[in-house]
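Enquirer: Here it is, the structure in full.
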Amino acid sequence: MKILFLTSAFNGMAQRAWIELDRLNHQVKVQIATEAAAMEKAVEDFEPELIIAPFLKQKIPSSIWQKHCCLVIHPGIKGDRGASSLDWAILNGEPAWGVTILQAVEKMDAGPIWAFSPFAMPFKSKACLYRHEVTQAAMRALLQAVERFQTPGFQPQPLDPSHPEIRGRWRRRTRQSDFAFEWSDPAVDIWRKIHAADSDPGVLVEIGGAEYYAFGAHLEEQLKGKPGEILAQRNKAICMGTGENSIWLTHLKQNQAGAIKLPATLALGKKAQAIPEAKLTPFEKTVHATFREIWYEEEGAVGYVHFNFYNGAMDTAQCLRLKETIAIAKTRPVKVLVLMGGQDLWSNGIHLNVIEHAENPADESWANIHAINDLILEIITSPNHYLITALQGNAGAGGVSLALAGDKVLAREGIVLNPHTRNMGLYGSEYWTYLLPKRIGIKKARQFTEQCLPWGTAVAKEIGLIDHVFGDTAEAFREGVKEMAQEVVRLPYFEKLLMAKRFQRQKDERVKPLASYREEELARMWANFYENDQGYHEKRFRFVHKLNEPAQSQQVEGRDWYRSRREIYRRRKWEPIDYQ
Numbered sequence: 034m035k036i037l038f039l040t041s042a043f044n045g046m047a048q049r050a051w052i053e054l055d056r057l058n059h060q061v062k063v064q065i066a067t068e069a070a071a072m073e074k075a076v077e078d079f080e081p082e083l084i085i086a087p088f089l090k091q092k093i094p095s096s097i098w099q100k101h102c103c104l105v106i107h108p109g110i111k112g113d114r115g116a117s118s119l120d121w122a123i124l125n126g127e128p129a130w131g132v133t134i135l136q137a138v139e140k141m142d143a144g145p146i147w148a149f150s151p152f153a154m155p156f157k158s159k160a161c162l163y164r165h166e167v168t169q170a171a172m173r174a175l176l177q178a179v180e181r182f183q184t185p186g187f188q189p190q191p192l193d194p195s196h197p198e199i200r201g202r203w204r205r206r207t208r209q210s211d212f213a214f215e216w217s218d219p220a221v222d223i224w225r226k227i228h229a230a231d232s233d234p235g236v237l238v239e240i241g242g243a244e245y246y247a248f249g250a251h252l253e254e255q256l257k258g259k260p261g262e263i264l265a266q267r268n269k270a271i272c273m274g275t276g277e278n279s280i281w282l283t284h285l286k287q288n289q290a291g292a293i294k295l296p297a298t299l300a301l302g303k304k305a306q307a308i309p310e311a312k313l314t315p316f317e318k319t320v321h322a323t324f325r326e327i328w329y330e331e332e333g334a335v336g337y338v339h340f341n342f343y344n345g346a347m348d349t350a351q352c353l354r355l356k357e358t359i360a361i362a363k364t365r366p367v368k369v370l371v372l373m374g375g376q377d378l379w380s381n382g383i384h385l386n387v388i389e390h391a392e393n394p395a396d397e398s399w400a401n402i403h404a405i406n407d408l409i410l411e412i413i414t415s416p417n418h419y420l421i422t423a424l425q426g427n428a429g430a431g432g433v434s435l436a437l438a439g440d441k442v443l444a445r446e447g448i449v450l451n452p453h454t455r456n457m458g459l460y461g462s463e464y465w466t467y468l469l470p471k472r473i474g475i476k477k478a479r480q481f482t483e484q485c486l487p488w489g490t491a492v493a494k495e496i497g498l499i500d501h502v503f504g505d506t507a508e509a510f511r512e513g514v515k516e517m518a519q520e521v522v523r524l525p526y527f528e529k530l531l532m533a534k535r536f537q538r539q540k541d542e543r544v545k546p547l548a549s550y551r552e553e554e555l556a557r558m559w560a561n562f563y564e565n566d567q568g569y570h571e572k573r574f575r576f577v578h579k580l581n582e583p584a585q586s587q588q589v590e591g592r593d594w595y596r597s598r599r600e601i602y603r604r605r606k607w608e609p610i611d612y613q
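First residue of the sequence shown? That's 34 in our numbering, and the numbers climb one at a time after it.
Shown next as structure tokens:
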């Protein structure tokens with residue numbers, strides 16, 4: 034079918050929905066929902082058979098939904114209505130939740146139900162919940178709704194609040210008063226409220242006499258102190274005393290116009306200098322709840338390096354700490370190293386917010402790209418270990434190159450890969466000119482980085498970008514990763530596997546040294562950073578400050594998504610490039 038997306042942003046949910054519908058050979062056009070007139074024109078020009086709203090912050094004009102079937106992805110149970118569904122679900126400690134596919138009508142979220150998919154509610158931040166459980170449930174429900182739309186005679190379920198199956202109700206938009214707490218409250222209650230407001234809008238708190246929005250909460254069971262007192266800092270996070278236990282805050286945003294979300298100690302500025310440091314190395318074992326970005330585990334001859342960076346962004350210091358951890362892990366008595374990333378996201382490359390905050394953003398960009406290059410080089414040059422990268426969550430930009438540096442790339446079913454940086458005005462480094470062509474060839478590598486398409490795991494495996502895809506849930510994926518790592522260790526030809534790896538690396542080095550790839554990439558990045566030849570500084574500013582980027586919106590709206598994917602990769606030789 035011809036399907037039109039009306040979406041406030043082409044975010045992870047919208048990208049995943051496009052990937053799933055594209056797999057079923059639907060032609061999808063994307064319209065960024067700004068003004069009613071623009072949406073009406075998109076409908077008139079495209080003449081869709083079905084309209085889908087994957088992520089919509091405003092009402093669909095009546096001139097559209099009265100003439101076309103418009104299906105809205107709503108992150109709530111049947112009967113739930115309002116713009117803050119997940120906020121309320123987390124605040125109320127709901128044990129189970131779901132995603133409903135509704136037909137647009139005059140009242141918000143009050144239309145007939147086309148499909149519903151439930152899920153158990155884990156205790157996660159709102160953003161993490163949205164990227165995982167909500168998105169997975171949304172895709173199950175969406176595909177069912179689309180199939181039903183194509184089924185003659187199917188009638189959606191009217192929303193009848195009196196029906197016993199309809200448990201949801203209208204809830205107003207959350208306010209700061211709904212998230213408010215006292216520092217004397219138990220840490221677990223504060224944790225829940227910050228989770229409900231993460232990653233937007235955050236919870237307004239007072240720290241050191243100033244107001245900030247707080248993000249990235251982690252429980253602390255060992256450090257204790259006066260409620261509201263800053264007890265310690267660790268890796269730019271701060272630990273706050275509470276009524277029962279304590280809580281870490283990884284990020285803060287000043288309560289003033291133009292402020293951006295930053296690692297907590299950067300947001301505090303000079304105030305952070307007097308905060309004592311509570312060090313914790315990745316190799317120290319802990320039995321109590323605490324905050325750590327990087328940690329190491331070992332099971333037999335397999336070492337696991339976990340790194341959980343907020344929103345997947347990696348600043349200069351984080352890259353260097355991860356590099357050091359991997360280097361030390363390689364001195365351990367293990368044969369296989371598995372890079373696990375975090376449960377939420379794998380990596381999105383360099384840290385644009387920290388760069389924006391820097392006194393000289395070009396210099397910080399340069400330092401950050403060198404640090405992530407050093408990290409990736411540490412992975413590539415591991416002749417005595419077999420490296421597995423295990424992507425539990427989405428990866429973008431330099432984070433994809435980080436994954437490709439491994440010998441074997443594993444991905445959880447349903448994650449989205451964005452192996453490009455051109456839409457941020459960057460050529461890209463991270464040895465992508467070596468790693469990407471090795472897997473998919475020079476022509477496709479160029480297309481991947483220039484066309485800026487999101488890629489699902491099914492096509493990524495078919496094309497050779499990744500090696501294995503499995504695990505509908507994070508738990509199933511992690512168990513599968515452990516099984517595969519142990520299988521590699523037990524291979525009777527394991528030493529020959531390492532010999533072949535060393536031989537290939539030496540052969541590649543003779544053809545073209547890694548230093549040459551890096552030098553060529555950095556020459557282009559120098560022009561991006563210091564000459565701003567592709568508008569990087571303006572694009573970064575708009576991204577960090579959450580301002581609409583007109584050029585990117587036009588690129589999304591003007592693209593023939595059906596043709597774009599098939600020009601790069603067709604599943605079958607006879608698959609037509611143009612929609613028929």
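Ideal placement from N, C-alpha and C gives every residue a C-beta, glycine not left out.
Provide the residue(s) that pair with residue 245 in DSSP beta bridges, ordered along the chain.
Expert: Working through the sequence shown from its first residue, we reach residue 245 at position 212. According to DSSP, which records beta bridges pairwise, residue 245 is partnered with 238, 287.
Enquirer: Are the beta-carbon atoms belonging to residue 615 and residue 426 less than 8 Å from one another?
Expert: Past the boundaries of the shown model lies residue 615; the chain is included only from 34 to 613, so the question cannot be answered.
Enquirer: Grab the span of the beta strand (DSSP E) containing residue 270 for me, first residue to last.
Expert: Reading the sequence shown from its first residue, position 237 is the one you call residue 270. Taken as a continuous stretch (DSSP letters only), the beta strand (DSSP E) holding residue 270 covers 270–274.
Enquirer: Where does residue 158 fall in DSSP's three states?
Expert: Taking the sequence shown and counting its residues from 1, one reaches residue 158 at position 125. In the structure shown, residue 158 sits in coil (DSSP, three-state: anything other than H, G, I, E or B).
Enquirer: So residue 349 is in the alpha helix (DSSP H); what residue range does that whole segment cover?
Expert: Taking the sequence shown and counting its residues from 1, one reaches residue 349 at position 316. Looking at the DSSP string, the run of the alpha helix (DSSP H) that includes residue 349 is 349–362.
Enquirer: Under 8 Å, with one C-beta from each stretch per pair, do the region 97–105 and the region 69–82 reach the 3-pair mark?
Expert: Result yes; three or more Cβ-Cβ pairs closer than 8 Å.
Enquirer: Considering residue 328, what are the terminal residues of the beta strand (DSSP E) in which it resides?
Expert: Position 295 of the sequence shown, counted from the start, is the residue given in the question as residue 328. Unbroken beta strand (DSSP E) run through residue 328: 327–332.
Enquirer: Compare the C-alpha of residue 590 against each of 69, 46, 75, 566 and name the closest.
Expert: By one-based count along the sequence shown, residue 590 stands at place 557. Residue 590 has its Cα closest to that of 75, out of 69, 46, 75, 566.
Enquirer: Can you list, in chain order, the residues of its chain with a C-beta nearer than 8 Å to that of residue 609? Leave out the 5 residues immediately preceding and following it.
Expert: Within the sequence shown, residue 609 is the residue found at index 576, counting from 1. These residues qualify, in order along the chain: 599.
Enquirer: How long is the line joining the alpha carbons of residue 140 and residue 233, rounded to whole angstroms?
Expert: By one-based count along the sequence shown, residue 140 stands at place 107. By one-based count along the sequence shown, residue 233 stands at place 200. So the alpha carbons of these two residues sit roughly 25 Å apart.
Enquirer: Quick check on residue 580: buried or exposed, where buried means 16 or more other Cβ atoms within 10 Å of its Cβ?
Expert: As a working mapping, residue 580 is identified with position 547 in the sequence shown. With fewer than 16 other Cβ atoms within 10 Å, it is exposed.
Enquirer: Based on DSSP bridge pairs, tell me the residues matched to residue 114.
Expert: Walking along the sequence shown from the start, residue 114 turns up at place 81. 203.
Enquirer: Enumerate, from N- to C-terminal direction, the unbroken alpha helix (DSSP H) stretches of 4 or more residues contained entirely within the region 44–122.
Expert: If we require 4 residues or more, the alpha helix (DSSP H) runs fully inside the region 44–122 come out as 45–56, 69–79, 95–98.
Enquirer: Could you please give the first and the last residue of the uninterrupted beta strand (DSSP E) stretch that includes residue 419?
Expert: Residue 419 sits at position 386 when you count from the first residue of the sequence shown. Element bounds for residue 419: 419–424.
Enquirer: To which residues does DSSP link residue 336 through a beta bridge?
Expert: Residue 336 sits at position 303 when you count from the first residue of the sequence shown. Residue 336 pairs with 331, 370.
Enquirer: Would residue 311 pass as a contact of residue 267 if the rule is Cβ separation under 8 Å?
Expert: Working through the sequence shown from its first residue, we reach residue 311 at position 278. Working through the sequence shown from its first residue, we reach residue 267 at position 234. Yes, Cβ-Cβ distance for residue 311 and residue 267 is below 8 Å.
Enquirer: Considering only their Cβ atoms, is the gap separating residue 151 from residue 129 smaller than 8 Å?
Expert: The count along the sequence shown starts at 1 and reaches residue 129 at position 96. The count along the sequence shown starts at 1 and reaches residue 151 at position 118. In contact: residue 129 and residue 151 (Cβ atoms closer than 8 Å).
Enquirer: Would you identify the three-state DSSP class for residue 36, choosing helix, strand or coil?
Expert: The sequence position of residue 36 within the sequence shown is 3, counting from 1. Strand, per DSSP.
Enquirer: Where does the unbroken alpha helix (DSSP H) through residue 482 begin, and where does it stop?
Expert: Residue 482 sits at position 449 when you count from the first residue of the sequence shown. Where residue 482 is concerned, the enclosing alpha helix (DSSP H) stretches over 475–484.
Enquirer: Can you grab the Cα-Cα spacing for the pair residue 436 / residue 597, in whole Å?
Expert: As a working mapping, residue 436 is identified with position 403 in the sequence shown. As a working mapping, residue 597 is identified with position 564 in the sequence shown. So the alpha carbons of these two residues sit roughly 24 Å apart.
Enquirer: Quick check on residue 594: buried or exposed, where buried means 16 or more other Cβ atoms within 10 Å of its Cβ?
Expert: On the sequence shown, position 561 is the one that residue 594 refers to. It counts as buried.
Enquirer: Indicate whether the contact test is met: 3 or more Cβ pairs, each with one atom in the region 255–262 and one in the region 214–224, closer than 8 Å.
Expert: Counting Cβ pairs under 8 Å, three or more are found: they touch.
Enquirer: According to DSSP, simplified to helix, strand and coil, what is residue 146?
Expert: Stepping through the sequence shown from its first residue, residue 146 is reached at position 113. In this structure, residue 146 counts as strand in the three-state DSSP scheme.
Enquirer: Measuring only the C-alpha atoms, how far is residue 522 from residue 368?
Expert: Translated into the one-based positions of the sequence shown, residue 522 becomes position 489. Translated into the one-based positions of the sequence shown, residue 368 becomes position 335. Near 7 Å, if we compare the C-alpha coordinates of residue 368 and residue 522.
Enquirer: With respect to the beta strand (DSSP E) encompassing residue 429, which residues constitute its N-terminal and C-terminal limits?
Expert: On the sequence shown, residue 429 is found 396 positions in, with the first residue counted as 1. Run containing residue 429: 427–429, per the beta strand (DSSP E) assignment.
Enquirer: Answer yes or no: do residue 254 and residue 334 have a C-beta to C-beta separation smaller than 8 Å?
Expert: As a first step, residue 254 must be located in the sequence shown, where it is residue number 221. As a first step, residue 334 must be located in the sequence shown, where it is residue number 301. No; because the gap between Cβ atoms is not below 8 Å, this pair is not in contact.
Enquirer: In the structure shown, what three-state DSSP assignment does residue 586 receive?
Expert: On the sequence shown, residue 586 is found 553 positions in, with the first residue counted as 1. Helix.
Enquirer: Would you say the region 439–450 touches the region 539–548, given that touching needs at least three Cβ pairs under 8 Å?
Expert: No contact exists between the region 439–450 and the region 539–548.
Enquirer: Just to check my reading of the structure: residue 457 and residue 562 have Cβ atoms closer than 8 Å, yes? What is that Cβ distance to the nearest angstrom?
Expert: In the sequence shown, residue 457 corresponds to position 424, counting from 1. In the sequence shown, residue 562 corresponds to position 529, counting from 1. That pair is no contact at about 12 Å.
Enquirer: So, with DSSP's three-state summary, where would you put residue 133?
Expert: Counted from its first residue, the sequence shown places residue 133 at position 100. Note: residue 133 maps to strand in three-state DSSP.
Enquirer: Sorted by chain position, which residues of the same chain lie with C-beta nearer than 7 Å to residue 552's C-beta, five sequence neighbours on each side aside?
Expert: Numbered from 1 along the sequence shown, position 519 holds the residue referred to as residue 552. For residue 552, where only same-chain residues beyond five positions count, there are no Cβ hits under 7 Å.
Enquirer: With 16 other CB atoms within 10 Å as the buried threshold, where does residue 539 fall?
Expert: The residue given as residue 539 occupies position 506 in the sequence shown. The residue is exposed, with fewer than 16 neighbouring Cβ atoms inside 10 Å.
Enquirer: Could you check how far apart the C-beta atoms of residue 159 and residue 120 are, in whole angstroms? I think they sit under 8 Å.
Expert: Locating residue 159 in the sequence shown gives position 126, counting from the first residue. Locating residue 120 in the sequence shown gives position 87, counting from the first residue. Correct: roughly 6 Å between the Cβ atoms.
Enquirer: Just to confirm my understanding: we take residue 35, look at its own chain, exclude 5 residues before and 5 after, and list those with CB closer than 6 Å. What are they?
Expert: Against the sequence shown, residue 35 aligns to sequence position 2. These residues qualify, in order along the chain: 60, 81, 82.
Enquirer: Using the Cβ count rule (16 or more neighbours within 10 Å means buried), how would you classify residue 383?
Expert: Here residue 383 refers to the residue found at position 350 when the sequence shown is read from its first residue. Classification of residue 383: buried, given that the 10 Å Cβ count is 16 or more.
Enquirer: Going by the DSSP bridge assignment, what does residue 451 pair with across the sheet?
Expert: On the sequence shown, position 418 is the one that residue 451 refers to. Answer is 429.
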